[in-house]
Amino acid sequence: MDRPIRILCVTPAFNVCGGIESYCMSYFRSMSDDIQMDFITHDCTDDTLVRQVRSRGGRVYILPPLSASKMIFSLSAMRRFFVKKGFEYDIIHCNMANAAPFYFYYAKKAGIKVRILHSHQDRAADTRLHAIRNIPLLAIGEKMADKRLACSRQAGSFLFKEHPFTVIKNAIDPKRFAFDEEKRASFRKEYGIDDEILIGTIGRLTEQKNYARLLDIFKLIAENKGLNYKLLIVGEGHLLGLLRHNVAEYSLEDKVIFTGSLADVSGALCGMDLFVLPSLYEGLGIVNIEAQACGLPVVVSDAIPEDADMGGAFYSIPLEATDEMWADRLVLTSPSDDRTRSSLDNMAGIREHGYDIETEASKLKEYYKSLIYTH
């Protein structure tokens, strides 16, 4: 082939604090010139990632939301896209499993030869109602896929059942998240954090991340007058209003900080003393790896796959544990005495566990090439 292999990557959203977006952008930044990745999405609240893609010669297409009330409108836009642009692509790489039936149908009609379905979760949806809607869509999309990828063994087994799949790890560039004392000082000054111990989390403000419960847990810590803690929540989403209401109801306005989305989360990670992710489910949770690269102790729910443990200070707590048990674990988890050393040690662990993007991007590139040259 005398031109780059053209990949169309489907993502549900294209915002700076999303895990799927982090995965896609890590690989996009690391691809060689013989692979051209473009993106199509349904939610883009800021243009940070769009500008990064365009600066490297890629394209981002934004379609209407795939909601029940706008489904006909959205599918019509999807059909028009593939009629106009579909012939340009060799592979469609769908990271939005519940939309795969629609994307794969139009992609096949447009002549795209390879249809990859990528599993990033180990559950059908945030809520029971959404799960009832998604389960048949996941099954149909899985059958329409030519190839199957997953971010972890757990995510792959959930979606693909008995069908074989390949794990492509949610790799990162560890150097981008290395601890930096100047970044720490700058971030803490900007957000008014003095000598408090800062518990932090990063993610979409949705039911999946379980942040309403995190506030209940933090309330117990804040009520202990002998402790000096603050909570940092980085991200945006439809639960922001509810979470702010809970903070006000608990009288925690001076102890809980909402930053919204941040174009670069490395400063926030440097500013934290402890990272927490109490998710109800995760395919992996790439932000856990980023936090470990920054030398942070990490406390997660047992819904986080073991694959996310890079060998540092990593603690898993059952979701069934009481709020008091969660609060005790957070308080008993001491910040690192030497963040620079912890960061360096954890980055070495990330490389040993195969989550360094330099190595993994080469594997994905060769995987793409193998699909094209065998068709």
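The working numbering runs 1448 ahead of the 1-based position in the sequence shown. Heads up, the beta-carbon is just placed ideally off N, CA and C, and yes, glycines get one too.
Contact with chain B by residue i, beta-carbon distance below 9 Å
i       : result
Arg1596 : Among the protein chains of the structure shown there is no chain B, as only one such chain exists.
Neighbourhood of residue i by C-beta distance below 6 Å, restricted to the same chain and skipping five residues each side
i       : result
Ala1761 : Pro1745
Val1735 : Ile1650
Residue i Cβ short of 8 Å to the ligand PLP heavy atom set
i       : result
Asp1621 : In the structure shown, the ligand PLP is absent, as is every other ligand, since no ligand is present at all.
Three-way DSSP call (helix, strand, coil) for residue i in this model
i       : result
Ile1734 : helix
Gln1484 : strand
Arg1454 : strand
Val1682 : strand
Val1704 : strand
Ile1654 : Here the sequence assigns Thr to residue 1654, which means Ile is not the residue at that position. Three-state DSSP puts Thr1654 in coil, outside helix and strand.
Met1479 : coil
Ile1820 : helix
Thr1459 : coil
Val1779 : helix
Leu1687 : coil
Ser1625 : For clarity, residue 1625 is Phe in the given sequence; the question names Ser instead. In this structure, Phe1625 counts as helix in the three-state DSSP scheme.
With 16 other Cβ atoms within 10 Å as the buried cut-off, status of residue i
i       : result
Met1526 : buried
Leu1690 : exposed
His1611 : exposed
Met1519 : exposed
Gly1758 : Looking at the sequence shown, residue 1758 is not Gly but Met. Under this definition Met1758 is a buried residue.
Lys1532 : exposed
Arg1499 : exposed
Lys1673 : exposed
Leu1780 : exposed
Gly1505 : exposed
Gly1743 : buried
Met1795 : buried
Residues sharing a beta bridge with residue i, DSSP
i       : result
Arg1563 : Ile1540
Asp1804 : Ile1620
Thr1649 : Ile1681
Leu1725 : Val1748
Thr1489 : Ile1510
7 Å CB neighbourhood of residue i in its chain, flanking five on each side removed
i       : result
Ser1600 : Val1615, Gly1731, Leu1732, Pro1753 and Asp1755
Leu1523 : Phe1550
Arg1624 : Ser1714
Arg1632 : Cys1718 and Gly1719
Met1544 : Val1458, Thr1459 and Pro1460
Residues near residue i by beta carbon distance below 8 Å, same chain, minus five either side
i       : result
Gly1802 : Lys1617, Ala1619 and Glu1808
- What are the complete beta strand (DSSP E) segments, minimum 3 residues, inside the stretch 1735-1774? Taking only runs of at least 3 residues, the beta strand (DSSP E) segments lying wholly in the stretch 1735-1774 are 1746-1749 and 1762-1765.
- Hey, which unbroken runs of the alpha helix (DSSP H) at 4 residues or more fall wholly within the stretch 1574-1622? The qualifying runs are 1576-1592 and 1601-1608.
- Where in the stretch 1491-1515 do unbroken runs of the alpha helix (DSSP H), each at least 4 residues long, occur, reported from the N-terminal end onward? Whole alpha helix (DSSP H) segments, 4+ residues: 1496-1503.
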